[in-house]
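A.B. asks:
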Amino acid sequence: MKTTLSPLDRLIIGFDRALRTVNPGATTATRPSPAELAEQEAPADSIDAVNKQRHTAGLMRINHTGEVCAQALYRGQALTARSNDVRDAMQESALEEEDHLAWCEQRLTELNAKPSLLNPAFYLASFGMGALAGMAGDRISLGFIAATEDQVCEHLREHLQQLSNGDKKTRLILEQMLEDEAAHGNKAIQAGGVEFHDAIKKMMTLMSKLMTGTTYHI
Ligand SMILES: [Fe+2]
Ligand SMILES: [Fe+2]
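See the structure below:
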């Protein structure tokens, strides 16, 4: 039986999810981390290795915040989405984003690093954007997902290029994420999402630069 949630119910659930998203350790993955397929790695034992690890940690902090934003975006959209069909169609993608969040968090811990301190602020901003997109109608909302996923894929490809060859664990995680994000984008377009104009995409790139430029460090 399907229960219909009132706007207040959804708001409370949303608040609970927000707290879980920005609290490290509170999200669990439904799929095991792809990193588990890689052999145990040796601890960084030279200045060069430590520096490389630090760089990867910065990249993974960006990816982790990206996943925090993805959670917020989907939740924001779900709050204002017009049709239940769209909400349901995006449910599976949202669940996969939870896996990504948990995998990135776990990898950050392994790299002796912490998630970004700015996550609550980015969550709020993304939630607001998601809610606005949801209000603008399903086709725009879905188009927004597709355009966002495009950018995420671009970042992931760049990060994969920057990884050191020895870091199999991070590579496996990012490769799986890249595959999933591309599928999320395609699904959003197939569900009726509009292709965004280049000018809007450029604006989105500027905003994502603000996120990547800050969360690499803090
Ligand atoms: Fe993701
Ligand atoms: Fe995604």
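For the sequence shown, the numbering used here assigns the number 2 to the initial residue and increments by one for each residue that follows.
Glycine included, each C-beta is placed from N, C-alpha and C at the ideal position.
(1) Which runs of the alpha helix (DSSP H) spanning at least 4 residues fall entirely within the region 37-67, listed in chain order?
(2) Sort Ala134, Met130, Pro116 by Cα distance to lysine 26 and report the nearest one.
(3) For ligand 2, any of its heavy atoms closer than 8 Å to the Cβ of aspartate 181?
(4) For the alpha helix (DSSP H) containing lysine 170, name the first residue and the last one.
(5) Report yes if the CB atom of glycine 67 is closer than 9 Å to the CB atom of glycine 129, and no otherwise.
(6) Please report the residue range of the alpha helix (DSSP H) in which serine 142 lies.
(7) Smallest Cα separation from alanine 134: which of Leu109, Arg88, His160?
(8) Which residue marks the beginning of the alpha helix (DSSP H) containing isoleucine 201, and which one marks its end?
(9) Taking lysine 210 and alanine 39 to be in contact with their CB atoms under 8 Å, please state how far apart those CB atoms are, rounded to whole angstroms.
(10) Where does threonine 31 land, buried or exposed, given buried means 16+ other C-beta within 10 angstroms?
(11) DSSP three-state call for proline 33: helix, strand or coil?
(12) Roughly how many angstroms lie between the CA atoms of histidine 185 and glutamate 150, to the nearest whole one?
(13) According to DSSP, is glutamate 196 helix, strand or coil?
C.D. replies: According to the structure shown:
(1) Whole alpha helix (DSSP H) segments, 4+ residues: zero.
(2) Against the sequence shown, residue 26 aligns to sequence position 25. It is worth fixing the name first, because residue 26 is glycine in this sequence and not lysine. Looking at the Cα atoms, Pro116 is the closest of the given residues.
(3) The count along the sequence shown starts at 1 and reaches residue 181 at position 180. Flag set: Cβ of aspartate 181 near ligand 2.
(4) Numbered from 1 along the sequence shown, position 169 holds the residue referred to as residue 170. Its alpha helix (DSSP H) spans residues 169-191.
(5) By 1-based counting over the sequence shown, the position of residue 67 is 66. By 1-based counting over the sequence shown, the position of residue 129 is 128. Going by C-beta atoms, glycine 67 is not nearer than 9 Å to glycine 129.
(6) By 1-based counting over the sequence shown, the position of residue 142 is 141. In this chain, the alpha helix (DSSP H) harbouring serine 142 covers 139-163.
(7) Mapped onto the sequence shown, residue 134 falls at position 133. The option with the nearest alpha carbon to alanine 134 is Arg88.
(8) As a first step, residue 201 must be located in the sequence shown, where it is residue number 200. Secondary structure note for isoleucine 201: its alpha helix (DSSP H) is the uninterrupted segment 199-216.
(9) Position 209 of the sequence shown, counted from the start, is the residue given in the question as residue 210. Position 38 of the sequence shown, counted from the start, is the residue given in the question as residue 39. Actually they are not in contact, since the Cβ atoms of lysine 210 and alanine 39 sit about 31 Å apart, beyond 8 Å.
(10) Start at 1 with the first residue of the sequence shown, and residue 31 comes out as number 30. The residue in question, threonine 31, is exposed, as its Cβ has fewer than 16 Cβ neighbours within 10 Å.
(11) Here residue 33 is taken as the residue at index 32 of the sequence shown, counted from 1. Proline 33 falls in the coil class under three-state DSSP.
(12) The residue you call residue 185 lines up with position 184 of the sequence shown. The residue you call residue 150 lines up with position 149 of the sequence shown. If you take the alpha carbons of histidine 185 and glutamate 150, they lie about 7 Å apart.
(13) Start at 1 with the first residue of the sequence shown, and residue 196 comes out as number 195. It is coil, neither helix nor strand.
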